[in-house]
Amino acid sequence: MNNNRALSVTEQAMELLNRQQGSFNIVTISRIKGDIKEQILRQVLDAVQSIHPLLNSRIIGTLDHLEFTNQGTEKVPLRVVSQGINDNWEDVVREELNKAIDSSKVLLRCVLIYKQSEINISYLITTVHHGISDGLSCISLQSEILKCYQIIASGDSIDIDCESAIPPLEELLPEWMKGKNGIDKGKWFLLKTKLQMLLHQPEQLESEETVPLEFRSCGMTHRFLQKELTQKLIELCRQENTTVQGALCAAMLLTVANKIRGEKLRSIKVSCRTYVDLRRRISPPIQQKNLGFLASFLTSLHKIKPQMSFWDLSREVTKNIELGLKIKDIFKPLTLFRKIIEYHINNPDESYVTIAVTNIGRVNIPEVYGDLEIEEISFIASNAIIGKVFTVATATFQEKMLLNFLASKPSLSQETIEMLATGVINCLIEVCQEKVIMAVK
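To convert a position in the sequence shown, counted from 1, into this note's numbering, add 58.
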């Protein structure tokens, strides 16, 4: 299918970030039980690329006029890694997070990791250009890869039925956000946001080292909550009239506030960015299987006082998110998204965001694909450039919450990322153990 067209504003923004050490591209990681054969996976990637017009595209042109074209697109690169006893799949993920996609050739790459220390276990890692994907569609893509693998492994052939490409995001926005009216609303929204930040003055983590963009990288670490703790957290959120998103934001905010505060007992003004799925909020809704960038964000402001209740903060975050959704703030920054990203690239240490949370919730894909079984699946979007922001990407699969924490290095060191991640997990564990009041020291 021909998908030759100019990139939308949001797609342009993500291509600008891709050229900054692969920032914001999405890496998806599956731990798989079963023998994945390289030869079959190669056939599968060729088939999947033919099914999705955006995967069969590349980006050409100048920064002033970027275009998708289906002509001359190369095959999806497949790298096979054999890891020894002392090697960790997280190391490969870090490599992927810090490597731009050569968008002039292809918009997806894949890594297959064989673990010598774990019999019959492998890791499937896909890195997708954020201009053509979001967390939900990347998870769905891995499921589709495994479905196709099952078909080919059984000796059958895949019916290449090309998916219809979804329209650019600007065409999917509500009518009141289209054209000049949408741009004007975007300008007023950004002006209001800037004024709110000037009045609130949210604090951030202190940058440990500031270096030019070309010397920055994305650091990450993986954590999880056991099934029992995950289900306990969900149950407690219902009882406390809040959401899991609110609870995750509260744990992140309290942990970072402790780090900012140090030994001083004082209130901390912070900001919280929540990434929001647009697929079910546009008309008609877009299915997860359709590749595309269909996400936005909301930013809430909070004052964390000493001895603040975890659940009070969680409810406060949830209330702010609900208000932002009600007044449809998720649509307002999208028409100016490229200008927002250009500002961050030119001013990478002037973000007003303290923490960010992207949570896709329960992953609704099959667990078993013939002889293969997904044991865990999670995702993470790279950030190599925007300093001082502590971020988590969360997914729940088979009742187990998987959390990938990240930040730009060396603004925050790997040691600090690890320490903060442990703090967030400990906070959630304490809550799940019914320690309702979170003492902030």
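We put the beta carbon where it would ideally sit given N, CA and C, even for glycine.
>> Is the beta carbon of residue 90 closer than 8 angstroms to that of residue 181?
In response: The residue you call residue 181 lines up with position 123 of the sequence shown. The residue you call residue 90 lines up with position 32 of the sequence shown. Yes, the Cβ-Cβ distance between residue 181 and residue 90 is below 8 angstroms.
>> Could you check whether the segment 305-320 touches the segment 360-368, counting it as contact only if at least three pairs of C-beta atoms, one from each stretch, sit closer than 8 angstroms?
In response: yes
> By Cβ distance below 6 angstroms, which residues in the same chain neighbour residue 96 in space, the five residues on each side in sequence not counted?
Replying inline: Working through the sequence shown from its first residue, we reach residue 96 at position 38. Cβ within range, chain order: 138.
> Do you know offhand how far residue 489's Cα is from residue 291's?
Replying inline: Reading the sequence shown from its first residue, position 431 is the one you call residue 489. Reading the sequence shown from its first residue, position 233 is the one you call residue 291. For residue 489 and residue 291, the distance between alpha carbons rounds to 8 angstroms.
>> By the three-class DSSP mapping on this structure, what secondary structure does residue 324 have?
In response: One-based indexing of the sequence shown puts residue 324 at position 266. If DSSP states are grouped into helix, strand and coil, residue 324 belongs with coil.
>> Can you tell me where the alpha helix (DSSP H) holding residue 401 begins and where it ends?
In response: The residue you call residue 401 lines up with position 343 of the sequence shown. Looking at the DSSP string, the run of the alpha helix (DSSP H) that includes residue 401 is 395-404.
> My guess is that residue 275 and residue 156 are in contact by the Cβ rule of under 8 angstroms, so how many angstroms apart are they, rounded?
Replying inline: Looking up residue 275 in the sequence shown gives position 217. Looking up residue 156 in the sequence shown gives position 98. Contact holds; Cβ gap of about 5 angstroms.
> According to DSSP, which residues form a beta bridge with residue 86?
Replying inline: If you number the sequence shown from 1, residue 86 lands on position 28. Beta-bridge pairing links residue 86 to 184 and 437.
> Unbroken alpha helix (DSSP H) runs of length 4 or more, entirely within the segment 151-223: which are they?
Replying inline: 193-211
>> Tell me the residue span of the beta strand (DSSP E) that contains residue 280.
In response: On the sequence shown, residue 280 is found 222 positions in, with the first residue counted as 1. It spans 275-283 - the beta strand (DSSP E) in which residue 280 sits, taken as one unbroken run.
> What are the partner residues of residue 351, as DSSP defines its beta bridges?
Replying inline: If you number the sequence shown from 1, residue 351 lands on position 293. The partner list for residue 351 (beta bridge, DSSP) is empty, contrary to what the question assumes.
> What do you get for residue 200, buried or exposed, if any count of 16 or more other CB atoms within 10 angstroms of its CB means buried?
Replying inline: Taking the first residue of the sequence shown as position 1, residue 200 is located at position 142. Buried.
> How would you call residue 192, buried or exposed, if buried means at least 16 neighbouring beta carbons within 10 angstroms?
Replying inline: For the purposes of this step, residue 192 is identified with residue 134 of the sequence shown, where counting begins at 1. When all chains shown are included, residue 192 counts as buried.
> What does a CB cutoff of less than 7 angstroms around residue 216 pick up in its chain, not counting 5 residues either side in sequence?
Replying inline: Translated into the one-based positions of the sequence shown, residue 216 becomes position 158. Only 105, 206, 209 and 210 meet the Cβ criterion.
> Once you ignore the five residues that flank residue 428 on each side, which residues in its own chain have a CB closer than 7 angstroms to its CB?
Replying inline: Reading the sequence shown from its first residue, position 370 is the one you call residue 428. Cβ neighbours of residue 428 beyond the five flanking positions: 208, 211 and 212.
> Is it true that the segment 448-459 meets the segment 108-125, where meeting means three or more beta-carbon pairs spaced less than 8 angstroms apart?
Replying inline: Result no; under three Cβ-Cβ pairs closer than 8 angstroms.
> Do the segment 459-479 and the segment 265-272 touch if we need at least three Cβ pairs shorter than 8 angstroms?
Replying inline: Contact between the segment 459-479 and the segment 265-272 is present, because at least three Cβ pairs lie under 8 angstroms.
>> Suppose you measure from the CA of residue 433 to the CA of residue 248; what does that come to, to the nearest Å?
In response: To locate residue 433, count along the sequence shown from 1; it is residue 375. To locate residue 248, count along the sequence shown from 1; it is residue 190. Approximately 42 angstroms between the Cα atoms of the pair.
>> Rounded to whole angstroms, what is the Cα-Cα separation between residue 77 and residue 297?
In response: Counting from 1 along the sequence shown, the entry for residue 77 is found at position 19. Counting from 1 along the sequence shown, the entry for residue 297 is found at position 239. C-alpha separation (whole angstroms): 45 angstroms.
>> Within a Cβ cutoff of 6 angstroms, which residues of the same chain sit near residue 303, ignoring the five residues on either side of it in sequence?
In response: For the purposes of this step, residue 303 is taken as the residue at position 245 of the sequence shown. Within the same chain, residue 303 has close Cβ partners 417.
> Ordered along the chain, which non-local residues of its own chain (more than five positions away) have a Cβ less than 7 angstroms from that of residue 218?
Replying inline: As a first step, residue 218 is located in the sequence shown; it is residue number 160 there, counting from the start. Contacts found: 105, 108 and 109.
> Who are the near neighbours of residue 71 in its chain, counting only those whose CB is closer than 6 angstroms to its CB and skipping five residues on each side?
Replying inline: Walking along the sequence shown from the start, residue 71 turns up at place 13. So the list reads 395, 396 and 399, once near-sequence residues are dropped.
> Tell me the DSSP bridge mates of residue 335?
Replying inline: Sequence index remark: in the sequence shown, residue 335 carries index 277 (1-based). In DSSP, residue 335 forms a bridge with 353.
> Could you give the distance in angstroms between the alpha-carbon of residue 474 and the alpha-carbon of residue 277?
Replying inline: Here residue 474 refers to the residue found at position 416 when the sequence shown is read from its first residue. Here residue 277 refers to the residue found at position 219 when the sequence shown is read from its first residue. Using only the alpha carbons, I get a separation of about 10 angstroms.
>> Here's the rule I'm using: 16 or more other beta-carbon atoms within 10 Å means buried, otherwise exposed. How should residue 220 be labelled?
In response: As a working mapping, residue 220 is identified with position 162 in the sequence shown. Taking every protein chain shown into account, the CB of residue 220 has fewer than 16 other CB atoms within 10 angstroms, so this residue is exposed.
>> Less than 8 angstroms between C-beta atoms, sequence neighbours within five positions excluded: which residues of the same chain meet that for residue 356?
In response: One-based indexing of the sequence shown puts residue 356 at position 298. Within its own chain, the residues whose Cβ lies closer than 8 angstroms to the Cβ of residue 356, once the five positions on either side in sequence are excluded, are 331, 332, 334, 378, 379, 382, 383, 387 and 388, listed in chain order.
> In the DSSP assignment, what residue or residues form a beta bridge with residue 449?
Replying inline: Looking up residue 449 in the sequence shown gives position 391. Per DSSP, 414 and 464.
>> Beta-carbon within less than 7 angstroms of residue 127's beta-carbon, same chain only, minus the 5 sequence neighbours each way: which residues are those?
In response: What you label residue 127 is simply residue 69 of the sequence shown in a count that begins at 1. If we look at residue 127 and ignore the five residues flanking it on each side, its Cβ neighbours are 62, 115, 116 and 118.
> Given residue 494, which residues of its chain have a CB within under 8 angstroms of its CB, disregarding the five upstream and five downstream residues?
Replying inline: The count along the sequence shown starts at 1 and reaches residue 494 at position 436. Annotation note: pLDDT 42 at residue 494 (below 50); position unreliable, no value reported.
> Can you give the beta carbon distance from residue 189 to residue 351, rounded, assuming they're within the 8 angstroms contact cut?
Replying inline: Taking the sequence shown and counting its residues from 1, one reaches residue 189 at position 131. Taking the sequence shown and counting its residues from 1, one reaches residue 351 at position 293. Approximately 6 angstroms separates the beta-carbon atoms of residue 189 and residue 351; this is inside 8 angstroms, confirming the contact.
> Nearest-angstrom Cα distance between residue 102 and residue 202?
Replying inline: The residue labelled residue 102 in the question sits at position 44 within the sequence shown. The residue labelled residue 202 in the question sits at position 144 within the sequence shown. Approximately 9 angstroms between the Cα atoms of the pair.
> Can you name, in chain order, every residue of its own chain whose Cβ lies under 6 angstroms from the Cβ of residue 67, other than the five neighbours on each side?
Replying inline: Residue numbering aside, residue 67 sits at position 9 when the sequence shown is read from its first letter. Once the five neighbours on either side are set aside, the close Cβ partners of residue 67 are 395 and 396.
>> Measuring only the C-alpha atoms, how far is residue 299 from residue 284?
In response: If you number the sequence shown from 1, residue 299 lands on position 241. If you number the sequence shown from 1, residue 284 lands on position 226. Roughly 23 angstroms between the two C-alpha positions.
>> Quick check on residue 373: buried or exposed, where buried means 16 or more other Cβ atoms within 10 Å of its Cβ?
In response: Counting from 1 along the sequence shown, the entry for residue 373 is found at position 315. Label assigned to residue 373: buried.
> If you drop the 5 nearest sequence neighbours on each side, which residues of the same chain put their C-beta closer than 7 angstroms to that of residue 461?
Replying inline: The residue you call residue 461 lines up with position 403 of the sequence shown. Counting only Cβ-Cβ distances below 7 angstroms, and skipping sequence neighbours, we find 281, 282, 450 and 452.
> Thinking C-alpha only, which one of 420, 435, 419 and 412 is nearest residue 444?
Replying inline: The count along the sequence shown starts at 1 and reaches residue 444 at position 386. That would be 412, whose Cα lies nearest to the Cα of residue 444.
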